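Residue numbers (my numbering): 70 to 241.
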């Protein structure tokens with residue numbers, strides 16, 4: 070999955086398509102019919118989690134071999150690259166994509182926090198609940214970083230920082 074996400078996020082045109090698809094699915098989450106099938110959202114939340122964790126989609130600095138076709142393959146004979154990944158390795162386009170994705174994700178997360186409480190004790194929905202709680206700090210972290218970099222507070226950022234969603238989280 071990580072290799073596929075890296076490929077999809079490797080070019081800015083791909084990012085636009087991924088963002089459009091994710092935004093469409095997130096708009097569907099706002100429909101009550103989708104929330105009736107709450108248990109199916111765990112796959113999508115997992116995918117969003119992987120997308121928003123930039124070290125999973127940022128271009129890697131590892132040593133690559135040119136042998137093996139048009140895709141560059143890892144060179145397993147090369148010494149390992151030591152060092153941790155950080156947001157400095159991501160391109161500005163990727164960072165903008167991640168911040169925009171976090172902004173559109175926030176509304177769906179709030180809706181799922183508010184209306185997903187009804188599904189907490191259903192065994193079919195346990196994985197969706199776990200994925201929702203897993204993605205929450207990642208989305209809030211991206212929104213915070215976006216606010217720090219842009220120095221303006223847009224509607225989504227104000228919405229996340231007003232903490233009206235906190236009682237719903239506490240009920241979980």
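By construction, the Cβ of each residue, glycine as well, lies at the ideal position given by its N, Cα and C atoms.
Computed from a predicted structure; not experimentally measured.
- Between residue 70 and residue 119, the beta carbon gap of about 6 Å places them in contact (Cβ cut-off 8 Å).
- Non-local C-beta neighbours of residue 231 in its own chain, meaning closer than 7 Å and more than five positions away in sequence, are absent.
- At a Cβ-Cβ threshold of 9 Å, residue 188 and residue 197 count as neighbours.
- For residue 176, the enclosing alpha helix (DSSP H) covers residues 161-184.
- The C-beta of residue 86 has fewer than 16 other C-beta atoms within 10 Å across all chains shown, which makes the residue exposed.
- Annotation: the continuous alpha helix (DSSP H) that includes residue 97 extends over 81-98.
- Taking all protein chains in view, the Cβ of residue 72 is surrounded by fewer than 16 other Cβ atoms within 10 Å, so the residue is classified as exposed.
- If you look at residue 237, you'll find it in the alpha helix (DSSP H) that goes 235-240.
- Around residue 203, the same chain offers 118 as residues with beta carbons nearer than 7 Å, after the five sequence neighbours per side are excluded.
- The closest CA to that of residue 80, considering only 102, 165 and 108, is found on 165.
- In the DSSP assignment, residue 78 falls outside any alpha helix (DSSP H) and carries neither an H nor an E.
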